[in-house]
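So the structure is just underneath, and the comments pick up after that.
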Amino acid sequence: MNVDASELFSLSHVRAVVTGASRGIGLAIANVYADLGAEVFLVARSKVDEIAAKMADNGLKATGIKADLGNAAARERMWKRIQDDGEPPNVLVNNAGIIRRAEFTEYSMKDWSEVVETNLTAAFHLSQMFARGLMPRRLPGKVINIHSLLSHQGGIRVPAYTASKSGLLGLTRLMANELAPHGIQVNGIAPGYIATDNTRALREDPLRNEAILDRIPAGRWGKPADLRGAAVFLASRASDYVTGSEVVVDGGWLAR
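Here it is as structure tokens:
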């Protein structure tokens, strides 16, 4: 049987919500989705209106929504706006995340609560609303959670980030189990060391930067664009029998 690859990976049927979409990994994913025909809602605390407007000027289907995903009421308002705008979204990328660094014994409860709320609780809450929008209509959908190498390792000086990303991997698996009978797939992407604002402190520390590069078989920091292929695969028809899985994009870090 002949397979039309362009159809297999087309996203023209996709209505996607991408969180943390004003920069880095989220922006790279939002851009490639729109380029492949998806209607994309870019969600972040700032800049998304301007970014979406530029995309729309280039003929892409993009809407920017400003929202603080660390706030439950803001998440609900944002989701209602998207739902009221048309058919429910059928792809959700839970990418928004923050990181706070301090020694374990000095780590504040404020930082702990804010990181866990944004990185884990928001993903849980948005995924609930996403599934509730699809299930009564018996519509299929795909959730893509952005994990981390620290979903698998402990790291240092980032207790809340490690805990939240480890929890997100577990949540991905639980949601996959419960939502598969409803035609909703849930998978994750674990980026390696990617050159984003979250890793700036590491790249600017000569000792940490050298130690990280020495362990990466690919010999370089990743770029946000390196995540695009995995994100397209997991949003497209090519992954229709994939759920509860994780795609690691790390230049070989975990293999060493």
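Take our numbering: the last position of the sequence shown gets the number 271, and nothing is skipped along the way. Virtual Cβ for every residue (Gly too), placed ideally from N, Cα, C.
Here DSSP, grouped into helix, strand and coil, assigns Asn160 to strand. Look at the beta carbons and you see the stretch 102-109 not touching the stretch 57-64: under three pairs across the two are nearer than 8 Å. Rounded to the nearest angstrom, the gap between the Cα atoms of Ala87 and Glu129 is 12 Å. A contact is defined here as three or more CB-CB pairs under 8 Å, and the stretch 188-205 fails this definition with respect to the stretch 72-81.
Under the 10 Å beta carbon count, Glu118 is surrounded by fewer than 16 other beta carbons and is classified as exposed.
Taking C-beta separations shorter than 6 Å and ignoring five residues to either side along the sequence, the partners of Arg188 in its chain run Gly259, following chain order. Bridge pairing for Leu57: Val33, Gly79 [DSSP].
A contact between stretches requires three or more CB pairs, one per stretch, nearer than 8 Å, and the stretch 163-174 fails this requirement with the stretch 222-239. By the CB criterion at 9 Å, Phe56 and Arg30 fall inside the cutoff. Bounds of any beta strand (DSSP E) do not take in Ala117, whose DSSP letter is neither H nor E. When rounded, the separation of the alpha-carbon atoms in Ala240 and Gly148 is 30 Å. The DSSP-derived three-state label of Ala210 is coil. DSSP places Gln200 in the strand class (E or B) of the three-state scheme. Residues of the same chain with a CB within less than 6 Å of the CB of Arg252, apart from the 5 flanking positions on each side, are Leu23 in chain order. Secondary structure at Gly39: helix, using DSSP grouped into helix, strand and coil.
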